[in-house]
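Q: Top to bottom, those sequences are chains A and B. With the numbering used here, the residue at position 33 of the first sequence is 1052, and numbering never jumps. With the numbering used here, the residue at position 180 of the second sequence is 1199, and numbering never jumps. Built from N, CA and C at the ideal position, the CB exists for glycine as well.
There are 2 protein chains.
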Amino acid sequence: MVSVTENTEQKIIDAACKVFIQKGMDGARMQEIADEADINKALLHYYFRSKSKLFDRVFVEIFSDIVKLLGEEINHSTEIIELIERMVNNYIHLIRERPFVPDFVLHELNRHPQLIVQQIHQYGMDFSKFQLLIDEGVLNNKIHYIQPVHLIVNVLSMCIFPFVAKPIIMGFMLNGDEAKYNQFIDERAGHVVSFIKSSLLINNPE
Amino acid sequence: MVSVTENTEQKIIDAACKVFIQKGMDGARMQEIADEADINKALLHYYFRSKSKLFDRVFVEIFSDIVKLLGEEINHSTEIIELIERMVNNYIHLIRERPFVPDFVLHELNRHPQLIVQQIHQYGMDFSKFQLLIDEGVLNNKIHYIQPVHLIVNVLSMCIFPFVAKPIIMGFMLNGDEAKYNQFIDERAGHVVSFIKSSLLINNPE
DNA sequence: ATTTGTTTTAACTATTTGGTTAAATCGAAT
DNA sequence: ATTCGATTTAACCAAATAGTTAAAACAAAT
Chain A
1020 MVSVTENTEQ KIIDAACKVF IQKGMDGARM QEIADEADIN KALLHYYFRS KSKLFDRVFV
1080 EIFSDIVKLL GEEINHSTEI IELIERMVNN YIHLIRERPF VPDFVLHELN RHPQLIVQQI
1140 HQYGMDFSKF QLLIDEGVLN NKIHYIQPVH LIVNVLSMCI FPFVAKPIIM GFMLNGDEAK
1200 YNQFIDERAG HVVSFIKSSL LINNPE
Chain B
1020 MVSVTENTEQ KIIDAACKVF IQKGMDGARM QEIADEADIN KALLHYYFRS KSKLFDRVFV
1080 EIFSDIVKLL GEEINHSTEI IELIERMVNN YIHLIRERPF VPDFVLHELN RHPQLIVQQI
1140 HQYGMDFSKF QLLIDEGVLN NKIHYIQPVH LIVNVLSMCI FPFVAKPIIM GFMLNGDEAK
1200 YNQFIDERAG HVVSFIKSSL LINNPE
């Protein structure tokens, strides 16, 4: 009796994820979500009383995935370069499978900045590890000093932006050729890592 | 008689820019645009028959500003590093004054990729200049080779992303402190330029 | 067999919203 | 003074949409 419930709830959340990510909060329609979940609107409201409650739930779910990853990478690394390599590879790999997530998250976060408040305390991001690894690298004469915030933003920028800017990159730089864009994304992780290393490392080998 | 007309049309476009950028196409309301322009809805439709016609007009206007800048920088530069310095400084300066424009443009472009088609041919972006300046720098033994697309994307990423990701940067990395965020943006252009130079230049001075 | 929670059906409400209309007003040019 | 386009007012229409409701069907557990 309960078994069916969870199944349906998950079906709704999956459907809502898909529609919200595609259309955004304002563009999404409850009917479309119901259709996508293969249920009717009445049942949809039976599970989630309102659009905004459903949205909040979905947003937390989507945002969690992204944040969790970042947190894990930080803890599993013992060297700044290793951390960066992991972050870049994992982020690009993750986003590649859900390429519209970044635009969705960024857009909704800008429209409803309060959404982030709940999230902040749920995941105790500590960037002190970043500071630590940078200081260590500097002490060992391996890298030039860089402010943690700028480094993190550089990494995230170069990994995430290419996805939200796909229409611009494809349209203006790659003659609208999707194959070229895919190839560009293929090369991206490797390029970003070596670009960053080239900037940070002191006696840049190879 | 006509003098008043152009004034009003501009008033409408300005108001529409403001509202569309804040709320996006789906979130914007014609009534709100009319209010913002200090006119009534009837007159709004008297000038622009439909929301989507008004939106198209506004989008072109906003997007043009950004694209023009990029085009001019390309032509006015004779060295790749100089070009990059100009791009970084001008972009960050430009966006700083209209910080919500990037999220708006990227989001709408992702939702309606056809919007970009008209724009592409209006501005004959030629990135061959980029290739040229890079090749020149490599020949003169000044920089390591880098693919133009990746370089351009790196530059745009590191300049634009910090604005669309403001809630994340502020919320997760700067303790929600807006003053710290502003300071971060203050430093940003300088940091990005030196980060890129440090990666590209062969005998990195200073 | 009955109970209980899930799901469907289908009609309905209330509100928002894009867009229209018609008549009146206003201001400047003729 | 009249004409003409710009503007206002205010009411209106039609469609879309979030959300509700009530009754019936269903499926599993007791």
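(1) Just how far apart, CA to CA, sit residue 1074/A and residue 1158/B?
(2) Taking C-beta pairs closer than 9 Å, name the residues in chain B that residue 1039/A reaches, listed in chain order.
(3) Among 1044/A, 1185/A, 1208/A and 1213/A, which has the Cα closest to the Cα of residue 1200/A?
(4) So is residue 1034/B buried or exposed if we call it buried at 16+ other beta carbons inside 10 Å?
(5) In its own chain, which residues sit with a C-beta less than 7 Å from the C-beta of residue 1182/A, not counting the 5 before and 5 after it?
(6) What residues from chain B crowd round residue 1046/A, counting only those whose CB sits closer than 9 Å?
(7) Are the C-beta atoms of residue 1198/B and some chain A residue less than 8 Å apart?
(8) Would a check of beta-carbon distances place residue 1163/B closer than 8 Å to chain A?
(9) Sorted by chain position, which residues of the same chain lie with C-beta nearer than 6 Å to residue 1212/A's C-beta, five sequence neighbours on each side aside?
(10) At a Cβ cut of 8 Å, what residues of the region 1103-1126 of chain B count as close to chain A, listed as they run along the chain?
(11) How many Å lie between residue 1102/A and residue 1176/A at the Cα?
(12) Taking a cut of 8 Å between CB atoms, which residues from the region 1170-1181 of chain B lie near chain A?
(13) Quick one: residues in its chain with C-beta nearer than 7 Å to the C-beta of residue 1207/A, no 5 flanking neighbours on either side, listed in chain order?
(14) State the start and end residues of the unbroken alpha helix (DSSP H) segment that holds residue 1083/A.
(15) If contact means a Cβ-Cβ distance below 7 Å, which residues of the region 1074-1102 of chain A contact chain B?
(16) Pick helix, strand or coil for residue 1162/A, following the three-state DSSP scheme.
(17) Mapping the DSSP letters down to three states, classify residue 1193/B as helix, strand or coil.
(18) For residue 1053/A, which residues in chain B fall below 8 Å Cβ to Cβ?
(19) Does the region 1091-1098 of chain B come within contact of the region 1149-1165 of chain B, defined as at least 3 CB pairs closer than 8 Å?
(20) If you draw a straight line from the alpha carbon of residue 1138/A to that of residue 1048/B, how long is it in whole angstroms?
(21) Could you give the residue range of the alpha helix (DSSP H) that holds residue 1057/B?
(22) For the alpha helix (DSSP H) containing residue 1167/A, name the first residue and the last one.
(23) Output needed for residue 1195/B: all residues of its chain with C-beta closer than 8 Å, excluding positions within five of it in sequence on either side, in chain order.
(24) Taking only the alpha-carbon atoms, compute the straight-line gap between residue 1045/A and residue 1124/A and give it to the nearest angstrom.
(25) Does the distance from the C-beta atom of residue 1032/A to that of residue 1063/A stay below 8 Å?
(26) Determine, using beta carbons only, whether residue 1039/A and residue 1077/A come nearer to each other than 8 Å.
(27) Can you tell me which of 1092/B, 1027/B and 1128/B puts its alpha carbon nearest to the alpha carbon of residue 1059/B?
(28) Suppose you measure from the CA of residue 1142/B to the CA of residue 1179/A; what does that come to, to the nearest Å?
A: Reading off the structure:
(1) Locating residue 1074/A in the first sequence gives position 55, counting from the first residue. Locating residue 1158/B in the second sequence gives position 139, counting from the first residue. In this model, residue 1074/A and residue 1158/B are separated by some 54 Å (Cα to Cα).
(2) Counted from its first residue, the first sequence places residue 1039/A at position 20. Those within 9 Å of residue 1039/A in chain B number zero; the least Cβ separation is about 12 Å.
(3) The residue given as residue 1200/A occupies position 181 in the first sequence. Of the candidates 1044/A, 1185/A, 1208/A and 1213/A, the one whose C-alpha sits nearest the C-alpha of residue 1200/A is 1185/A.
(4) Along the second sequence, one-based indexing puts residue 1034/B at 15. The residue is buried, with at least 16 neighbouring Cβ atoms inside 10 Å.
(5) Against the first sequence, residue 1182/A aligns to sequence position 163. 1114, 1118 and 1121, listed in sequence order.
(6) What you label residue 1046/A is simply residue 27 of the first sequence in a count that begins at 1. Chain B residues near residue 1046/A: 1043, 1044, 1045, 1046 and 1130.
(7) Residue 1198/B sits at position 179 when you count from the first residue of the second sequence. Output row for residue 1198/B: interface = no.
(8) If you number the second sequence from 1, residue 1163/B lands on position 144. Under the 8 Å criterion on CB atoms, residue 1163/B is classed as interfacial with respect to chain A.
(9) Here residue 1212/A is taken as the residue at index 193 of the first sequence, counted from 1. Setting aside the 5 residues that flank it on each side, residue 1212/A is surrounded in the same chain by 1104 and 1107, each with a C-beta closer than 6 Å to its C-beta; the list follows chain order.
(10) Residues 1119, 1122, 1125 and 1126.
(11) The residue given as residue 1102/A occupies position 83 in the first sequence. The residue given as residue 1176/A occupies position 157 in the first sequence. For residue 1102/A and residue 1176/A, the distance between alpha carbons rounds to 16 Å.
(12) Within the region 1170-1181 of chain B, the residues whose Cβ lies closer than 8 Å to some Cβ of chain A are 1171, 1172, 1173, 1175, 1176, 1177, 1179, 1180 and 1181, listed in chain order.
(13) On the first sequence, residue 1207/A is found 188 positions in, with the first residue counted as 1. Leaving aside the five residues that flank residue 1207/A on each side, the residues in its chain whose CB is nearer than 7 Å to its CB run, in chain order, 1111 and 1181.
(14) In the first sequence, the residue the question calls residue 1083/A occupies position 64. Where residue 1083/A is concerned, the enclosing alpha helix (DSSP H) stretches over 1070-1095.
(15) For the region 1074-1102 of chain A, the set of positions with a beta-carbon nearer than 7 Å to some beta-carbon of chain B is empty.
(16) Residue numbering aside, residue 1162/A sits at position 143 when the first sequence is read from its first letter. Under the three-state reduction of DSSP output, residue 1162/A falls in the strand class.
(17) If you number the second sequence from 1, residue 1193/B lands on position 174. DSSP, reduced to helix, strand and coil, places residue 1193/B outside both helices and strands of the structure shown, so it counts as coil.
(18) Start at 1 with the first residue of the first sequence, and residue 1053/A comes out as number 34. Within 8 Å of the CB of residue 1053/A, no CB atom of chain B is found; the nearest one sits about 19 Å away.
(19) Using a C-beta cut-off of 8 Å, the region 1091-1098 of chain B makes contact with the region 1149-1165 of chain B, since at least three inter-stretch Cβ pairs fall below that distance.
(20) Within the first sequence, residue 1138/A is the residue found at index 119, counting from 1. Within the second sequence, residue 1048/B is the residue found at index 29, counting from 1. Roughly 30 Å separates the two Cα atoms.
(21) Locating residue 1057/B in the second sequence gives position 38, where the first residue counts as 1. First-last for residue 1057/B: undefined, no H or E at that position.
(22) One-based indexing of the first sequence puts residue 1167/A at position 148. Its alpha helix (DSSP H) spans residues 1167-1183.
(23) Residue 1195/B sits at position 176 when you count from the first residue of the second sequence. Sequence-distant Cβ neighbours of residue 1195/B in its own chain, meaning closer than 8 Å and more than five residues away, are 1189.
(24) Numbered from its first residue, the first sequence carries residue 1045/A at position 26. Numbered from its first residue, the first sequence carries residue 1124/A at position 105. The alpha-carbon separation between residue 1045/A and residue 1124/A amounts to approximately 13 Å.
(25) For the purposes of this step, residue 1032/A is taken as the residue at position 13 of the first sequence. For the purposes of this step, residue 1063/A is taken as the residue at position 44 of the first sequence. No, Cβ-Cβ distance for residue 1032/A and residue 1063/A is not below 8 Å.
(26) Taking the first sequence and counting its residues from 1, the one referred to as residue 1039/A is at position 20. Taking the first sequence and counting its residues from 1, the one referred to as residue 1077/A is at position 58. It is a contact, given that the beta carbons lie within the stated cut-off.
(27) Taking the second sequence and counting its residues from 1, the one referred to as residue 1059/B is at position 40. Here the closest residue by C-alpha is 1027/B.
(28) Residue 1142/B sits at position 123 when you count from the first residue of the second sequence. Residue 1179/A sits at position 160 when you count from the first residue of the first sequence. Going by C-alpha positions, residue 1142/B is about 26 Å away from residue 1179/A.
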